Amino acid sequence: MLNDINLQRDADYDALEAMRKEAQANQGELGIQNRQLKQELASEKQNNSSLAAQVELFEQQKSQFHQWSVSRDKEVFAVRAELQATQQSLKEMDDRHEDLARDSEDLRAQNQHLQYQIHVLEESRDNNPGSREEENKLKSELEAYKSSITDLTGLVDQLQSDIVAERAEKQQSRAELKTALTQLDQEKGALLDMSCRMMERDSQLSNLHNESQAIKDEADGLRNEVASLKKLRTLNAKYSQDLNELKAKLHDQERLNAAANREIDALQEQIKSREEVLNRANAELTSFVQQHSSSSRTMYDAYVGQISDLQAENERLREDLADLRRGSAPDDHDREPTSTWIREPDNHLQGKLQVVADQLAEKTEECTHLLNLLDERSIAHREAVDELSERWGIEQAELKEDIALLKEERSHVIQDNELFRSQVEDLQRLYDESEFRRQEVDEKAQQELEIRQRELSAAHYEIKELEWKLEQAGQQLVLEQRAADAKISESNERIHALKVEMESLEKTIAKSHKGHSLQQGCLDRHNVPTSASSADDQRKVWKLNESLRQALDAKSNLVDETAQKLREAQAQLATTEHECNKYRRALRYREAAIRQATSKIFESNLKFVGFIPAGEAWSAEETAQAVFDHWDSYNGYKITVSEVKIPKSYKQAMKSVEATEWVNAVSEEVAALIANKTWELVDFPKNKHVLPGKWIYVTKHDEDGSILKHKSK
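Heads up: the sequence shown runs through residues 35 to 747, numbered per our numbering.
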């Protein structure tokens with residue numbers, strides 16, 4: 035039985051060793067897989083950190099783009115103000131031009147009237163050559179004419195200076211507008227590039243969010259796998275601990291078995307020695323009994339009976355001896371031979387009886403002692419064997435239960451390993467799919483980048499063409515300015531020549547009045563006598579008036595041309611303003627599209643855990659959709675947009691650019707609540723706290739995207 039138990043124990047120990055080796059092999063394989071998963075987790079963490087950095091960079095670029103758009107709006111507002119000022123100045127120039135035209139018409143009328151008066155005076159002078167009054171009147175009229183000519187010259191000079199100043203202002207404003215338009219074109223190109231990059235970043239961000247979501251799912255799977263691996267490691271550690279405990283129990287059991295075997299061997303040796311002693315005693319008893327009887331039992335009974343008979347005979351002999359001693363006490367000397375005869379057999383029998391009794395007592399005591407010792411040893415051995423068998427049965431049952439548990443755990447571990455292998459295969463498949471998708475995204479991004487580069491090159495070509503046209507327009511403007519300057523200088527020279535001719539004419543008239551006052555000339559067409567010199571003077575005056583009229587006409591034509599050019603510049607500025615408005619709307623559309631796409635990405639891919647803090651006020655971003663005019667000119671902006679970002683709290687509203695509007699909106703809302711008696715003033719209860727108010731801010735827009743009203747709730 036002990037050999038069977040030892041064999042079963044050795045078999046269980048071998049099975050446990052095999053399971054331990056298999057568990058160690060599985061643990062090594064799982065450790066390798068755990069290291070690989072840790073490396074993959076580290077790489078995924080790096081990818082997540084890089085994605086977070088890219089998202090932060092995108093947010094920064096988005097805020098910069100928003101700031102740039104706001105600055106561009108401010109610049110457009112400034113350009114609009116400049117355009118309004120230019121329009122006002124152009125209107126003033128038109129008014130002044132009309133005033134100058136009226137003044138020139140008045141001067142022409144006065145000139146014609148003066149010419150008519152001069153003609154009348156000359157005729158009257160020719161008719162009445164001797165009248166001094168007429169001559170003085172003529173001189174006064176000539177002085178008046180000279181003063182009028184001087185005033186006309188002053189007006190012409192003032193007109194010329196005004197035209198030069200207005201031209202300089204116009205050139206300066208045109209140069210400023212040209213620089214502003216150039217800067218706006220550059221900023222427009224930069225913003226177009228930025229919008230293209232933002233579109234690419236938007237697509238990349240959506241792809242990155244998708245990839246990050248997939249990576250997060252993979253990371254969650256990896257975390258679950260790591261948790262299961264940790265659990266498996268814990269189970270392996272527990273299994274190793276249980277295995278070590280079982281080994282210790284087996285070693286203790288082996289020591290107990292060895293001690294029990296040694297005790298059993300000692301007991302067997304003692305039993306053998308006792309059996310030998312008993313055999314010797316039995317042999318002696320048998321030999322002794324065989325000497326007195328034929329059978330062992332009869333010999334023993336005869337021996338016992340003989341002993342009892344001998345004891346009885348001894349007692350009887352002792353009694354007889356005592357009786358004889360009492361009877362023979364007076365005559366000892368007489369009866370000495372008889373007592374001696376009786377004493378000798380009695381002593382002989384008593385000696386033999388005493389020897390046999392002593393031997394029997396010794397053998398009996400020895401047999402009794404051996405039997406008692408054998409009984410005690412057999413009982414102790416039986417109790418030890420029963421205790422060992424019971425203990426072995428309990429330990430064997432425990433070992434069987436532990437082996438069954440270990441087998442069950444091993445089956446669970448094998449199932450977990452199979453599950454882990456399937457998960458690792460799925461993870462590898464997902465990783466391969468993500469790599470394939472990443473390659474596809476890279477290829478698509480490369481294609482889109484090439485398309486954007488081609489579009490950018492086309493835009494650069496168009497910008498170069500516009501710059502060339504602008505340069506040609508500038509050169510044409512310079513040529514026109516030079517031509518106008520030449521015309522002005524020519525008109526100045528003509529005016530100066532007219533002044534010189536007027537002075538010479540005055541001198542000639544004075545000489546003619548002095549030298550030829552009494553001479554008679556030929557008749558004119560009105561049958562009025564006149565001299566050749568006065569006729570020449572009259573022709574000179576007419577020529578002078580004609581040249582002066584031509585100069586005034588040239589001045590008026592120049593003013594008309596200047597006004598026409600100013601109107602053209604005004605129309606061009608209006609066109610530029612319209613383009614700026616369209617570009618601003620396009621920028622607003624683009625910003626709203628980016629914001630909507632980002633919000634959709636976050637709504638579709640991100641899962642927020644937890645609750646919104648009670649102390650914060652939340653509001654959705656309001657969007658305003660409008661029909662996009664001149665659609666064909668802006669194919670890149672086929673989207674709708676929202677206005678500026680709405681504040682989410684009272685603090686942000688007070689720090690925003692439109693703080694005054696938001697304060698007015700809050701005041702209107704509070705006034706409406708008070709007017710509607712929404713609130714009721716009560717005493718503040720004890721041990722109570724005030725709940726802060728939450729404000730939500732919204733804006734209303736028109737069809738062009740402009741803000742109509744600020745509203746707070």
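Ideal placement from N, C-alpha and C gives every residue a C-beta, glycine not left out.
Because the structure is a prediction, the values reported are computed rather than measured.
| Item | Value |
| --- | --- |
| Residue range of the alpha helix (DSSP H) that Lys689 falls in? | 684-689 |
| Express the C-alpha separation of Glu93 and Ala224 in angstroms, rounding to a whole number. | 18 Å |
| Using a Cβ cut-off of 8 Å (strictly closer), state whether Asp420 contacts chain B. | Looking for chain B here will not work: only one protein chain is present. |
| What's the gap between the Cα of Ile741 and the Cα of Glu692? | 11 Å |
| Report the three-state DSSP secondary structure of Val732 (helix, strand or coil). | strand |
| Roughly how many angstroms lie between the CA atoms of Ala705 and Lys689, to the nearest whole one? | 23 Å |
| Label Trp696 either buried or exposed according to how many other C-beta atoms from any shown protein chain fall within 10 Å of its C-beta, with 16 as the threshold for buried. | buried |
| With distances taken between CB atoms, is the gap from Lys747 to Glu703 smaller than 8 Å? | yes |
| Considering only C-alpha positions, which residue in the set Arg516, Lys434, Gln584, Gln247 is nearest to Lys79? | Gln247 |
| Could you check what DSSP says for Lys743 in three-state terms: helix, strand or coil? | strand |
| For a quick check, are the C-beta atoms of Ala709 and His744 less than 8 Å apart? | no |
| Can you check whether the CB of Trp729 is closer than 8 Å to the CB of Tyr684? | yes |
| Go ahead and pull the three-state DSSP assignment for Asn721. | coil |
| Could you pull the start and end residues of the alpha helix (DSSP H) that Glu703 belongs to? | 693-709 |
| Just to confirm my understanding: we take Thr213, look at its own chain, exclude 5 residues before and 5 after, and list those with CB closer than 8 Å. What are they? | none |
| Taking the alpha-carbon positions, what's the Ile448 to Ser468 distance? | 29 Å |
| How close, in whole Å, do the beta carbons of Val475 and Asn241 come, if the pair is a contact with beta carbons under 8 Å? | 5 Å |
| Report the three-state DSSP secondary structure of Trp426 (helix, strand or coil). | helix |
| In whole angstroms, give me the CA-to-CA distance for Asp436 and Asn81. | 46 Å |
| Should Asp466 be labelled buried (16 or more other beta-carbon atoms within 10 Å of its own) or exposed? | exposed |
| Whole angstroms is fine: what's the gap from Ala45's alpha carbon to Lys55's? | 15 Å |
| How should Trp502 be labelled, buried or exposed, when 16 other C-beta atoms within 10 angstroms of its C-beta is the threshold for buried? | exposed |
| Relative to the C-alpha of Ile485, which residue among Val104, Pro719, Val458, Cys230 is closest? | Cys230 |
| How would you label Leu707, buried or exposed, when you count the other beta carbons within 10 angstroms and need 16 or more for buried? | exposed |
| What is the DSSP secondary structure of Glu279, reduced to helix, strand or coil? | helix |
| With DSSP as the reference, label Thr712 as helix, strand or coil. | coil |
| Mapping the DSSP letters down to three states, classify Glu126 as helix, strand or coil. | helix |
| Taking the alpha carbon of Gln217 as the point to measure from, which residue in Lys265, Glu109, Arg296, Glu90 has its own alpha carbon closest? | Glu109 |
| So what does DSSP say about Asp738, is it helix, strand or coil? | coil |
| Give the straight-line distance between the Cα atoms of Lys682 and Ala86, rounded to the nearest whole angstrom. | 24 Å |
| Should Glu310 be listed as close to the ligand ATP, given that the test is whether its C-beta is under 7 Å from any heavy atom? | The ligand content of the structure shown is nil, which means the ligand ATP is not present either. |
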